[in-house]
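Student: Using the working numbering, the first residue of the sequence shown is number 6, and each one after it goes up by one. This is the structure I have questions about; it appears just below.
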Amino acid sequence: AAGFDGVRVDASRGVTIRSGNGDEEGKAGDPHIWHNPLNAKIMVADIERGLAQADPANAGYFHANRVAYDTRLDALDGDIRRQIATIPPADRKLVTNHDAFGYYIDRYGLTFVGSIIPSFDTAAELSGRNIRDIVDKIRKTGTKAVFSESSLPPRTARTIADEAGVRVEAGEDSLYGDTLGPAGSDGATYLQMEEHNTRTIVAALH
Numbered sequence: 006a007a008g009f010d011g012v013r014v015d016a017s018r019g020v021t022i023r024s025g026n027g028d029e030e031g032k033a034g035d036p037h038i039w040h041n042p043l044n045a046k047i048m049v050a051d052i053e054r055g056l057a058q059a060d061p062a063n064a065g066y067f068h069a070n071r072v073a074y075d076t077r078l079d080a081l082d083g084d085i086r087r088q089i090a091t092i093p094p095a096d097r098k099l100v101t102n103h104d105a106f107g108y109y110i111d112r113y114g115l116t117f118v119g120s121i122i123p124s125f126d127t128a129a130e131l132s133g134r135n136i137r138d139i140v141d142k143i144r145k146t147g148t149k150a151v152f153s154e155s156s157l158p159p160r161t162a163r164t165i166a167d168e169a170g171v172r173v174e175a176g177e178d179s180l181y182g183d184t185l186g187p188a189g190s191d192g193a194t195y196l197q198m199e200e201h202n203t204r205t206i207v208a209a210l211h
């Protein structure tokens, strides 16, 4: 913001950005970097450096917290890998509201069949041809489910799933793509969000 004289932290510094058309703010590449816990570790380190620069007297405290959280992120990564490994390889296919899970897909060896909105940007326009194309892809690839997202209306996802003859994960079983959930929900924290997403994906694709 204009006039801000504090420490600015770029929490994506050091993260390898997936290519693409960018987000609604016009930034290049896929902005959904947090869906790989290893990227989250880089982000936490970036934040730690910024906090230590802003408040050097508490640098040790920030470092201890970062190390402890890294341990939890490593555990999360291992747990996701173990759960995804239980899905038959031929069934590890995702169709989502929009292209928000590329880092997760790359990390855990899933296949991205397509998205209802073919963009990183949830404000992109959806056409009848987009719907027909994704229904055809679902049928041809034998994809088992369509995953709606918590921050987006589920209506189109339900329509596509019905036309393709597959299940839809919506409502409480929606994936958390762009936002955390409210306090007390399965997506209230970053760790809970990724745990919920993984449970939902594994249950739907078995």
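The beta-carbon is built from N, C-alpha and C at its ideal position, and this holds for glycine as well.
In chain order, what residues of the same chain have a beta carbon less than 8 Å from the beta carbon of THR164, not counting five sequence neighbours either side?
Tutor: The residue given as residue 164 occupies position 159 in the sequence shown. These residues qualify, in order along the chain: ILE136.
Student: What did DSSP end up calling PHE117 once you bin it into helix, strand or coil?
Tutor: Here residue 117 refers to the residue found at position 112 when the sequence shown is read from its first residue. Three-state result, PHE117: strand.
Student: Check HIS40 in the structure and name its three-state DSSP category.
Tutor: Counted from its first residue, the sequence shown places residue 40 at position 35. In this structure, HIS40 counts as helix in the three-state DSSP scheme.
Student: Suppose you measure from the CA of GLY185 to the CA of ALA59; what does that come to, to the nearest Å?
Tutor: The residue you call residue 185 lines up with position 180 of the sequence shown. The residue you call residue 59 lines up with position 54 of the sequence shown. The sequence given here has Leu at residue 185, not Gly. Their backbone Cα atoms lie some 26 Å apart in a straight line.
Student: Taking 9 Å as the cut-off, decide whether the C-beta atoms of ARG144 and ALA175 are in contact.
Tutor: Taking the first residue of the sequence shown as 1, we reach residue 144 at position 139. Taking the first residue of the sequence shown as 1, we reach residue 175 at position 170. Not in contact: ARG144 and ALA175 (Cβ atoms no closer than 9 Å).
Student: Run through DSSP, which three-state label would PHE106 get?
Tutor: Indexing the sequence shown from 1 puts residue 106 at position 101. Residue state, collapsed to three classes: coil.
Student: Would MET48 and ALA80 be called neighbours here (beta carbons separated by less than 9 Å)?
Tutor: As a working note, residue 48 is residue 43 in the sequence shown. As a working note, residue 80 is residue 75 in the sequence shown. No; because the gap between Cβ atoms is not below 9 Å, this pair is not in contact.
Student: Express the C-alpha separation of ALA73 and VAL207 in angstroms, rounding to a whole number.
Tutor: Taking the first residue of the sequence shown as 1, we reach residue 207 at position 202. Taking the first residue of the sequence shown as 1, we reach residue 73 at position 68. Taking the straight line from one Cα to the other gives about 28 Å.
Student: HIS40 and GLU199: beta carbons closer than 9 Å?
Tutor: Counting from one through the sequence shown, the residue named residue 40 turns up at place 35. Counting from one through the sequence shown, the residue named residue 199 turns up at place 194. Yes, the Cβ-Cβ distance between HIS40 and GLU199 is below 9 Å.
Student: Using CA atoms only, rank isn't needed, just tell me which of GLY8, ASP35, ASP51 is closest to GLY19.
Tutor: By 1-based counting over the sequence shown, the position of residue 19 is 14. Nearest option by C-alpha distance: ASP51.
Student: Where does ILE143 sit, in a helix, a strand or coil, going by DSSP?
Tutor: If you number the sequence shown from 1, residue 143 lands on position 138. It is helical.
Student: Can you tell which of THR148, PHE9, SER24, GLU53 has the C-alpha that lies nearest to the C-alpha of ASP235?
Tutor: No information on residue 235 is available, as it lies outside the stretch 6 to 211 that the chain covers here.
Student: Sorted by chain position, which residues of the same chain lie with C-beta nearer than 7 Å to GLN197's C-beta, five sequence neighbours on each side aside?
Tutor: For the purposes of this step, residue 197 is taken as the residue at position 192 of the sequence shown. Counting only Cβ-Cβ distances below 7 Å, and skipping sequence neighbours, we find ASP191.
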